[in-house]
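Numbering (the numbering used here), first residue to last: 3 to 184. A virtual CB, placed ideally from N, CA and C, is assigned to each residue, including glycine. As the structure is a computational prediction, the values presented were derived from the model and not from experiment. One structure is given below, encoded as C-alpha coordinates.
Next comes the structure, spelled out in C-alpha coordinates:
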(Lines of atoms letter the chains of each structure in order from A; the text may use other names.)
(Lines give C-alpha, C1' and ligand atoms only; values in the text may rest on other atoms or scores of the structure.)
Protein backbone atom coordinates (compact mmCIF):
# COMPACT_ATOMS: atom_id res chain seq x y z
CA UNK A 3 0.00 0.00 0.00
CA UNK A 4 1.37 3.41 -0.95
CA UNK A 5 1.05 6.51 1.20
CA UNK A 6 -1.32 9.17 0.00
CA UNK A 7 -0.11 12.76 -0.26
CA UNK A 8 -2.31 15.84 -0.22
CA UNK A 9 -1.50 18.77 -2.50
CA UNK A 10 -2.82 22.32 -3.04
CA UNK A 11 -2.87 24.52 -6.14
CA UNK A 12 -4.88 27.50 -7.42
CA UNK A 13 -5.38 29.68 -10.47
CA UNK A 14 -4.35 27.40 -13.31
CA UNK A 15 -6.72 29.31 -15.63
CA UNK A 16 -6.34 26.62 -18.31
CA UNK A 17 -7.28 28.08 -21.70
CA UNK A 18 -6.93 31.75 -20.74
CA UNK A 19 -4.50 33.59 -23.05
CA UNK A 20 -4.94 36.91 -21.22
CA UNK A 21 -3.64 35.56 -17.88
CA UNK A 22 -0.25 34.94 -19.52
CA UNK A 23 0.05 38.68 -20.17
CA UNK A 24 -1.59 39.83 -16.91
CA UNK A 25 0.66 37.68 -14.72
CA UNK A 26 3.72 37.60 -16.95
CA UNK A 27 3.58 33.81 -17.10
CA UNK A 28 6.56 32.19 -18.86
CA UNK A 29 4.55 30.56 -21.65
CA UNK A 30 4.10 31.38 -25.34
CA UNK A 31 0.36 30.59 -25.35
CA UNK A 32 -2.50 29.12 -23.34
CA UNK A 33 -1.94 25.82 -25.17
CA UNK A 34 1.74 25.76 -24.17
CA UNK A 35 0.81 26.69 -20.57
CA UNK A 36 -1.75 23.87 -20.46
CA UNK A 37 0.73 21.22 -21.59
CA UNK A 38 3.52 22.42 -19.29
CA UNK A 39 1.26 22.69 -16.24
CA UNK A 40 -0.15 19.20 -16.92
CA UNK A 41 3.42 17.88 -17.20
CA UNK A 42 4.50 19.54 -13.94
CA UNK A 43 1.32 18.39 -12.14
CA UNK A 44 1.83 14.77 -13.22
CA UNK A 45 5.53 14.93 -12.37
CA UNK A 46 4.54 15.96 -8.82
CA UNK A 47 1.28 14.09 -8.09
CA UNK A 48 0.75 10.30 -8.05
CA UNK A 49 -2.50 8.61 -9.09
CA UNK A 50 -3.63 7.99 -5.49
CA UNK A 51 -2.79 11.45 -4.17
CA UNK A 52 -5.44 14.08 -3.43
CA UNK A 53 -5.23 17.57 -4.95
CA UNK A 54 -7.31 20.50 -3.73
CA UNK A 55 -7.63 23.04 -6.54
CA UNK A 56 -8.47 26.34 -4.85
CA UNK A 57 -10.30 27.87 -7.75
CA UNK A 58 -10.09 29.33 -11.23
CA UNK A 59 -9.45 26.02 -12.93
CA UNK A 60 -10.21 26.74 -16.62
CA UNK A 61 -11.82 28.99 -19.17
CA UNK A 62 -12.66 26.28 -21.70
CA UNK A 63 -15.66 24.34 -23.05
CA UNK A 64 -16.87 21.40 -20.97
CA UNK A 65 -15.24 18.74 -23.15
CA UNK A 66 -11.81 20.44 -22.87
CA UNK A 67 -12.13 20.72 -19.07
CA UNK A 68 -13.06 17.02 -18.90
CA UNK A 69 -10.05 16.13 -21.07
CA UNK A 70 -7.64 18.08 -18.84
CA UNK A 71 -9.11 16.59 -15.66
CA UNK A 72 -8.79 13.10 -17.11
CA UNK A 73 -5.11 13.74 -17.93
CA UNK A 74 -4.21 15.08 -14.47
CA UNK A 75 -2.99 12.60 -11.84
CA UNK A 76 -4.69 12.28 -8.49
CA UNK A 77 -8.11 12.59 -7.00
CA UNK A 78 -9.12 16.19 -7.60
CA UNK A 79 -11.31 18.42 -5.43
CA UNK A 80 -12.36 21.93 -6.41
CA UNK A 81 -12.99 24.88 -4.11
CA UNK A 82 -14.77 27.08 -6.63
CA UNK A 83 -13.27 30.44 -7.58
CA UNK A 84 -14.87 33.44 -9.23
CA UNK A 85 -14.02 32.09 -12.70
CA UNK A 86 -15.55 28.67 -11.91
CA UNK A 87 -18.98 30.00 -10.95
CA UNK A 88 -20.45 29.70 -14.47
CA UNK A 89 -20.73 25.95 -13.81
CA UNK A 90 -22.53 24.26 -10.92
CA UNK A 91 -20.73 21.99 -8.45
CA UNK A 92 -22.65 19.07 -9.99
CA UNK A 93 -21.33 19.91 -13.46
CA UNK A 94 -17.74 20.23 -12.19
CA UNK A 95 -18.13 16.75 -10.64
CA UNK A 96 -19.50 15.43 -13.93
CA UNK A 97 -16.47 16.88 -15.73
CA UNK A 98 -14.03 15.02 -13.48
CA UNK A 99 -13.60 16.55 -10.03
CA UNK A 100 -14.25 14.03 -7.24
CA UNK A 101 -15.73 16.80 -5.12
CA UNK A 102 -16.64 20.44 -5.66
CA UNK A 103 -17.36 23.04 -3.00
CA UNK A 104 -18.84 26.48 -3.55
CA UNK A 105 -17.82 27.69 -0.07
CA UNK A 106 -14.56 27.56 1.90
CA UNK A 107 -13.70 24.26 3.59
CA UNK A 108 -12.09 23.64 6.99
CA UNK A 109 -9.33 21.11 6.40
CA UNK A 110 -7.28 19.20 8.96
CA UNK A 111 -9.02 21.06 11.84
CA UNK A 112 -7.13 24.36 11.54
CA UNK A 113 -6.75 25.23 7.86
CA UNK A 114 -9.42 27.06 5.90
CA UNK A 115 -9.21 26.38 2.16
CA UNK A 116 -10.71 29.15 0.02
CA UNK A 117 -10.27 30.77 -3.34
CA UNK A 118 -9.96 34.35 -2.10
CA UNK A 119 -7.96 35.26 1.02
CA UNK A 120 -10.05 35.45 4.17
CA UNK A 121 -9.65 37.74 7.15
CA UNK A 122 -7.97 35.76 9.93
CA UNK A 123 -6.97 37.71 13.06
CA UNK A 124 -4.15 36.75 15.44
CA UNK A 125 -6.76 35.71 18.01
CA UNK A 126 -8.27 33.14 15.64
CA UNK A 127 -6.79 29.63 15.76
CA UNK A 128 -6.88 29.16 11.98
CA UNK A 129 -4.68 29.51 8.94
CA UNK A 130 -6.04 30.26 5.47
CA UNK A 131 -4.72 28.59 2.32
CA UNK A 132 -5.93 30.44 -0.76
CA UNK A 133 -5.31 31.53 -4.33
CA UNK A 134 -6.88 34.39 -6.33
CA UNK A 135 -4.17 36.99 -5.78
CA UNK A 136 -1.63 35.41 -8.15
CA UNK A 137 1.69 37.28 -7.77
CA UNK A 138 0.33 40.42 -6.06
CA UNK A 139 3.15 41.57 -3.75
CA UNK A 140 0.80 42.84 -1.00
CA UNK A 141 0.38 39.23 0.14
CA UNK A 142 3.16 36.95 1.35
CA UNK A 143 3.43 33.47 -0.09
CA UNK A 144 3.69 32.09 3.46
CA UNK A 145 2.67 33.91 6.63
CA UNK A 146 1.98 32.90 10.24
CA UNK A 147 -1.67 32.26 9.39
CA UNK A 148 -1.75 31.98 5.63
CA UNK A 149 -0.35 30.52 2.44
CA UNK A 150 -0.99 31.50 -1.17
CA UNK A 151 -0.90 28.62 -3.66
CA UNK A 152 -1.52 30.56 -6.88
CA UNK A 153 0.54 28.83 -9.58
CA UNK A 154 2.80 31.85 -10.01
CA UNK A 155 4.10 31.12 -6.49
CA UNK A 156 4.34 27.31 -6.78
CA UNK A 157 6.38 26.80 -9.96
CA UNK A 158 3.12 26.07 -11.82
CA UNK A 159 2.62 22.78 -9.96
CA UNK A 160 0.73 21.54 -6.89
CA UNK A 161 2.48 21.90 -3.52
CA UNK A 162 2.45 19.37 -0.72
CA UNK A 163 0.13 20.30 2.15
CA UNK A 164 2.60 18.93 4.71
CA UNK A 165 5.25 21.35 3.39
CA UNK A 166 2.80 24.27 3.57
CA UNK A 167 1.82 23.30 7.11
CA UNK A 168 5.48 23.18 8.24
CA UNK A 169 6.20 26.57 6.70
CA UNK A 170 3.11 28.14 8.29
CA UNK A 171 4.08 26.63 11.66
CA UNK A 172 7.61 28.04 11.33
CA UNK A 173 6.26 31.50 10.45
CA UNK A 174 3.77 31.39 13.33
CA UNK A 175 6.54 30.43 15.77
CA UNK A 176 8.83 33.16 14.44
CA UNK A 177 6.06 35.79 14.67
CA UNK A 178 4.78 34.63 18.08
CA UNK A 179 1.46 33.77 16.47
CA UNK A 180 -0.94 30.91 17.06
CA UNK A 181 0.29 27.36 17.35
CA UNK A 182 -1.33 24.54 15.46
CA UNK A 183 -1.01 20.81 16.05
CA UNK A 184 1.76 19.33 13.90
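Give the secondary structure of residue i by DSSP, where H, G and I count as helix, E and B as strand, and everything else as coil.
| i | result |
| --- | --- |
| residue 78 | strand |
| residue 12 | strand |
| residue 52 | strand |
| residue 166 | helix |
| residue 28 | coil |
| residue 20 | helix |
| residue 7 | coil |
| residue 87 | coil |
Return yes when the Cβ of residue j is within less than 8 Å of the Cβ of residue i, no when it is not.
| i | j | result |
| --- | --- | --- |
| residue 71 | residue 151 | no |
| residue 146 | residue 179 | yes |
| residue 59 | residue 9 | no |
| residue 144 | residue 173 | yes |
| residue 154 | residue 45 | no |
| residue 42 | residue 35 | no |
| residue 76 | residue 53 | yes |
Under 8 Å Cβ to Cβ from residue i, same chain only, skipping five residues before and after it: list those, please.
| i | result |
| --- | --- |
| residue 38 | 29 and 158 |
| residue 40 | 70, 73 and 74 |
| residue 132 | 12, 56, 115, 116, 117, 118, 119, 120, 148, 149, 150 and 151 |
Based on DSSP bridge pairs, tell me the residues matched to residue i.
| i | result |
| --- | --- |
| residue 109 | 113 |
| residue 103 | 81 |
| residue 145 | 148 |
| residue 59 | Its beta-bridge partners do not exist; DSSP assigns none. |
Ignore the nearest five residues each way along the sequence and tell me which others in residue i's own chain have a CB closer than 6 Å to its CB.
| i | result |
| --- | --- |
| residue 66 | none |
| residue 128 | 112, 114 and 122 |
| residue 22 | 29 |
| residue 103 | 81 |
| residue 68 | 97 and 98 |
Near residue i, which residues of its chain fall below 7 Å by C-beta distance, leaving aside the five closest residues on each side in sequence?
| i | result |
| --- | --- |
| residue 64 | 97 |
| residue 32 | 17, 18, 19 and 22 |
query: Hey, is the stretch 79-86 in contact with the stretch 115-129, meaning 3+ C-beta pairs nearer than 8 Å?
result: yes
Sufficient close CB pairs (3 or more, under 8 Å) joining the stretch 166-173 to the stretch 44-52: no
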